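The structure under discussion appears below in the form of structure tokens.
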Amino acid sequence: MSWSRVVTRFRGERFGFVLIASSLLVIALICGLHLDAQLEARAEQNRAEGLALARVLSTIPLDSLVPKDGGIGPLEVLRTSQANPEFAYGVIVAPEGRVLAQVRATPGPLPDTPVPHAPADWIGERTVPDPSGERVLHEFVAPVIEGGRRVAHVRVGFREPDFGGAVGQASFLALMALPIFLLTPLAYVVMRRATRPLTRACEELNTLTQEQRFAPVQLEASGEVGQFISGFNRFMSLAQARVETLEQERTRVVASSKVVAYQKTRIEAVLETLPDATLVMDETGNAIFANAKLEPMLGASRDAVLGKKPEEWCRNPEILALLARCTGREASRAVGEMIEVGAEDGSESVMSVAANRITRGEAGDEFVGTLVVLRDVTHESVARRAHGEFVSHVAHELKAPLNVMSMYGESLVGTEGEEESFRVEASNTIRDEVERLSSLINTLLSIARIETGAIAIERQRVRLHEFLDDAVAAVARGARSREIEFHVDVPQDVRSIYIDKDLFRVALNNLLTNAVKYNDQGGSVTVTARDAEDRIVISVADTGIGISEDDLPHVFDKFYRSSDVVAQKRGGHGLGLSLAREIVELHGGRIRVQTRPEDGSEFSIELRTRASERGEA
Amino acid sequence: MKARVLVVDDEAKVLRITKLALEKAGYLVTTANDGVEALETLRAEPFDVLVTDVNMPRMTGEELCLAIQEEETLPRRPLIFVATGRTGERHRAWAIELENVVLLEKPVSLRALVARIGERLSEAGSAGGEA
């Protein structure tokens, strides 16, 4: 058994030990007190007996006290009849100290005490040392008076009573100690019985503590312990209820914090998904959110931006000035502002920076931060410029025929107009220019409608053979003077196609007029249609001047004009092929060109038949 | 002696009617189809006046004017009239910096053109003593 177990055991039984110890203490105390009282009583008794004895002996005449013939005197009687164990001696001494007679309980020398001289001390009690031992003796004295004169002195000695004399009391003491000793285990048992519920409650509590749960202690007990346990259980259920409330509270807090976290994540995901670079700054100008698109726009990583003020990461003075205007409570009341900033690296890219003040409160006057959205607007910027160029081009192209008409018109009213031949020439020229202008305007309108999506293609079933014949015939009429031969090579069994007839006629017409325009006098134009597996290919080939290598990639660009002198002389506004391509692409088709300079060009339109049929359905 | 005018345009109809009008006004007119042709002609013969279009293949009117400014060996530096279909500062800026260049906006009035040429020639004549 280890020491700690001994200690534990001792602690468990400490009440028993305490009880035994206290009962022994009580027994010892009682015995002590009893013996003390006994000794006291014996001393008192001895004293009374001694005094009485001394007096009685002093009244006996000296002759009787001290028998001359050595017979038995009263002293001898005293010794033999004396039952008192403390009796030590009886002595008759002469006034000068000589011993006249003596008796002793035990052999040994008498204490050498002088006879009292002063009459006041003749009768009394005195304490004298015992010559044979350490114990003191009580001596009682009385004078023997005869004839008015002291003739002797009686001395009677008693020893101090001791425990030895009390040994006879042992059985009495044992009898007295027994019930006390018997009461102890009884008290212990009663106590153990009384505290047993507490012990069991303690064990249950230990179990509950180990299992980490709250529950009332299941114990039947009466009295104070019962009251204590029921009080304790009430407290326990109170604590349990409180803990449950706290648990619910905690669950709710955890849930709501999860909701908040989820919402935050969702908002951040939304901001992250925005197509534009997004930055949110708090009211002091510190960046609190930046999405991944910010880095390519600003050239500053997210880490370099977050938690910092614009001055620390932004090097563009225009953006800095904008952010300064839209940050801080003292900033302007404007809701937001947007600027366009060119790239610093010298590229053409342009970005728009919009800074919006984020406000809160009913009046929206509590400034809480700034939302900054950066967008690459290079495309828009380029498109705007292209649009400007386009308008400028259009104006120029429109003015060219106007210029010619104006000049001829002016000349008609001058002296030139008097000549018949000039009037005919002017009239023809003006008519040609009006046609040129009209055709240009129509083309522009078609392009505008297609590009803005305002045009809805209305597909219908078109028999290719007839469609191509008609288109070629119309162009051929206007090209008679050029002596150009037209060939249409379309198999009779070629499938019909589903197209917007009017629009497609424009595209085909542009290809055919180009084939005429860039052809040589007496050249030929060949139109073919071929039924491939899933597509129909219509091609227009000419035997004209062809397209130079430089021009080839640009033939479908708007307003693109060849820099070749020969081609330039053929006129045109540079929109026909662009429009043709737009129309073909609107039909889901493709237009391509093959050419050999000086040998002619071949433009092919590919239309997927399945797509065409689906369009019809 | 008749003043010599060089008309440059890529449109044959414009060349024809302008030539007609200027000849009627008493000028000796030569035509060219683009800037390159015009510059060659200017190098070969002296001209008093140049009337040019802007938008032309090979060499534009703008390029032609700049080439004339830089060319030091021309027989004569002509007065230049430029007919442009484009308006707006961007398309005029280049002409403003050049001396002897008058911008005309399309559609050009032939009568006004003849009048302006006459004015400028008489100004130059009174200044330079030659007409």
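Note that the protein sequences, when read in sequence, are chains A and B.
Numbering follows the numbering used here, in which position 362 of the first sequence is assigned residue number 362; successive positions increment by one, without gaps.
Take any residue in the second sequence, count from 1 to its spot, add 1000: that is its number in the numbering used here.
C-beta: ideal position from N, C-alpha, C; glycine also.
In this text the structure is predicted, and so the values were computed from the model without any measurement.
Measuring straight from C-alpha to C-alpha, what distance separates residue i and residue j?
{"i": "B:A1024", "j": "B:T1018", "result": "Per the sequence presented here, residue 1024 of chain B reads as Lys, with Ala not at that position. Roughly 10 Å separates the two Cα atoms."}
{"i": "B:V1005", "j": "B:T1030", "result": "6 Å"}
{"i": "A:R592", "j": "A:L508", "result": "13 Å"}
{"i": "A:H487", "j": "A:V527", "result": "6 Å"}
{"i": "B:G1085", "j": "A:H396", "result": "5 Å"}
{"i": "A:I145", "j": "A:I180", "result": "57 Å"}
{"i": "A:S669", "j": "A:L298", "result": "Because chain A is modelled from 1 through 617, residue 669 of chain A falls outside the range shown and cannot be assessed."}
{"i": "A:E533", "j": "A:V494", "result": "12 Å"}
{"i": "B:V1054", "j": "A:I358", "result": "53 Å"}
{"i": "A:A386", "j": "A:E585", "result": "21 Å"}
{"i": "A:E111", "j": "A:D130", "result": "Contrary to the premise, residue 111 of chain A reads as Pro rather than Glu in this sequence. Answer to the nearest angstrom: the Cα atoms are 6 Å apart."}
{"i": "A:V305", "j": "A:V259", "result": "28 Å"}
{"i": "A:H554", "j": "A:D542", "result": "19 Å"}
{"i": "B:L1028", "j": "B:L1022", "result": "8 Å"}
{"i": "A:G574", "j": "A:N510", "result": "11 Å"}
{"i": "A:F158", "j": "A:E86", "result": "5 Å"}
{"i": "A:A269", "j": "A:D276", "result": "13 Å"}
{"i": "A:T265", "j": "A:L271", "result": "10 Å"}
{"i": "A:E312", "j": "A:V280", "result": "15 Å"}
{"i": "A:L323", "j": "A:P310", "result": "8 Å"}
{"i": "A:E616", "j": "A:C326", "result": "Confidence is the limiting factor: at A:E616 the pLDDT is only 44, short of 50, which leaves the residue's position unreliable, though a coordinate-based value still follows. Answer to the nearest angstrom: the Cα atoms are 56 Å apart."}
{"i": "B:L1066", "j": "B:V1102", "result": "14 Å"}
{"i": "A:L398", "j": "A:E389", "result": "14 Å"}
{"i": "A:P401", "j": "A:S392", "result": "15 Å"}
{"i": "A:T199", "j": "A:L24", "result": "27 Å"}
{"i": "A:R614", "j": "A:G588", "result": "In this prediction, A:R614 has a pLDDT of 49, which is less than 50 and means its spatial position is unreliable; what the coordinates show is noted afterwards. Roughly 11 Å between the two C-alpha positions."}
{"i": "A:G342", "j": "B:E1097", "result": "29 Å"}
{"i": "B:A1093", "j": "B:V1049", "result": "21 Å"}
{"i": "A:R505", "j": "A:A473", "result": "12 Å"}
{"i": "A:L238", "j": "A:G231", "result": "11 Å"}
{"i": "A:F467", "j": "A:S604", "result": "16 Å"}
{"i": "A:P74", "j": "A:W122", "result": "21 Å"}
{"i": "A:P491", "j": "A:D531", "result": "9 Å"}
{"i": "A:E340", "j": "A:R384", "result": "13 Å"}
{"i": "A:L173", "j": "A:D162", "result": "16 Å"}
{"i": "A:G478", "j": "A:V394", "result": "26 Å"}
{"i": "A:I288", "j": "A:V377", "result": "25 Å"}
Considering only C-alpha positions, which residue in the set the options is nearest to residue i?
{"i": "A:L619", "options": "A:L51, A:A101, A:L25", "result": "Any answer about residue 619 of chain A is impossible in this case: the structure gives chain A only from 1 up to 617."}
{"i": "A:A170", "options": "A:K309, A:T113, A:I30", "result": "A:I30"}
{"i": "B:V1114", "options": "A:I457, A:S411, A:P197", "result": "A:S411"}
{"i": "B:A1003", "options": "B:L1020, B:V1014, B:P1057, B:F1047", "result": "B:F1047"}
{"i": "B:N1033", "options": "B:G1125, B:L1103, B:E1011", "result": "B:E1011"}
{"i": "B:E1063", "options": "B:V1108, B:R1120, B:V1036, B:P1075", "result": "B:V1036"}
{"i": "A:G546", "options": "A:E598, A:L503, A:L208", "result": "A:E598"}
{"i": "A:V77", "options": "A:E204, A:V103, A:S562, A:V350", "result": "A:V103"}
{"i": "A:Q82", "options": "A:P114, A:T195, A:N46", "result": "A:N46"}
{"i": "B:N1100", "options": "B:R1116, B:E1040, B:V1014", "result": "B:R1116"}
With DSSP as the reference, please indicate the residues paired to residue i in a beta bridge.
{"i": "A:Q594", "result": "A:E602"}
{"i": "A:M281", "result": "A:A287, A:T370"}
{"i": "A:F87", "result": "A:F158"}
{"i": "A:T528", "result": "A:D489, A:S539"}
{"i": "B:D1053", "result": "B:A1083"}
{"i": "A:E125", "result": "A:F140"}
{"i": "A:T359", "result": "A:F367"}
{"i": "A:D551", "result": "According to DSSP, which records beta bridges pairwise, A:D551 is partnered with nothing at all."}
{"i": "A:R581", "result": "According to DSSP, A:R581 bridges with nothing at all."}
{"i": "A:D636", "result": "Given that chain A is displayed from residue 1 to residue 617, the structure contains no residue 636 of chain A and the question cannot be resolved."}
{"i": "B:V1007", "result": "B:T1031, B:V1051"}
{"i": "A:E686", "result": "This structure cannot speak to residue 686 of chain A, because chain A is shown only from 1 to 617."}
Quick one: any contact between the stretch 441-459 of chain A and the stretch 419-431 of chain A, if contact means 3 or more CB pairs under 8 Å?
No, the stretch 441-459 of chain A does not touch the stretch 419-431 of chain A.
Counting only runs that start and end within the stretch 426-514 of chain A, where is the alpha helix (DSSP H) found for 4 or more residues in a row?
The qualifying runs are 464-478.
Those runs of the beta strand (DSSP E) which lie wholly inside the stretch 1020-1046 of chain B and span at least 3 residues:
DSSP runs (the beta strand (DSSP E)) wholly in the stretch 1020-1046 of chain B: 1028-1032.
Can you give me, in chain order, the residues of the stretch 407-437 of chain A that have a beta carbon less than 7 Å from any beta carbon in chain D?
Note that chain D does not occur in the displayed structure, where the protein chains are A and B.
Complete runs of the beta strand (DSSP E) confined to the stretch 133-202 of chain A [at least 3 residues]
Entirely contained in the stretch 133-202 of chain A, the beta strand (DSSP E) runs reaching 3 residues are, in chain order, 136-146, 149-159.
Can we say the stretch 11-30 of chain A touches the stretch 183-198 of chain A, given the rule of at least three CB pairs closer than 8 Å?
Verdict: yes, contact present.
Touch test, the stretch 115-127 of chain A against the stretch 135-145 of chain A, Cβ-Cβ under 8 Å, three pairs minimum
Contact between the stretch 115-127 of chain A and the stretch 135-145 of chain A is present, because at least three Cβ pairs lie under 8 Å.
Beta strand (DSSP E) runs wholly inside the stretch 45-122 of chain A, at least 3 long, in chain order:
Counting only runs of 3 or more, we get 87-93, 99-104.
Any chance the stretch 44-62 of chain A sits against the stretch 209-222 of chain A, with 3 or more Cβ pairs inside 8 Å?
Here the stretch 44-62 of chain A makes no contact with the stretch 209-222 of chain A; the two share fewer than three CB pairs at distances below 8 Å.
Would you be able to state if there are at least three C-beta pairs under 8 Å between the stretch 450-465 of chain A and the stretch 489-503 of chain A?
Touching, yes, given that three or more Cβ pairs across the two stretches are closer than 8 Å.
Can at least three beta-carbon pairs, one atom from the stretch 307-324 of chain A and one from the stretch 236-250 of chain A, be found at a separation below 8 Å?
No: the two stretches stay apart, fewer than three of their Cβ pairs being nearer than 8 Å.
Within the stretch 299-343 of chain A, note down every full alpha helix (DSSP H) run reaching 4 residues or more, in order along the chain.
Secondary structure remark: continuous alpha helix (DSSP H) runs of at least 4 residues inside the stretch 299-343 of chain A, in chain order: 302-305, 310-313, 317-326.
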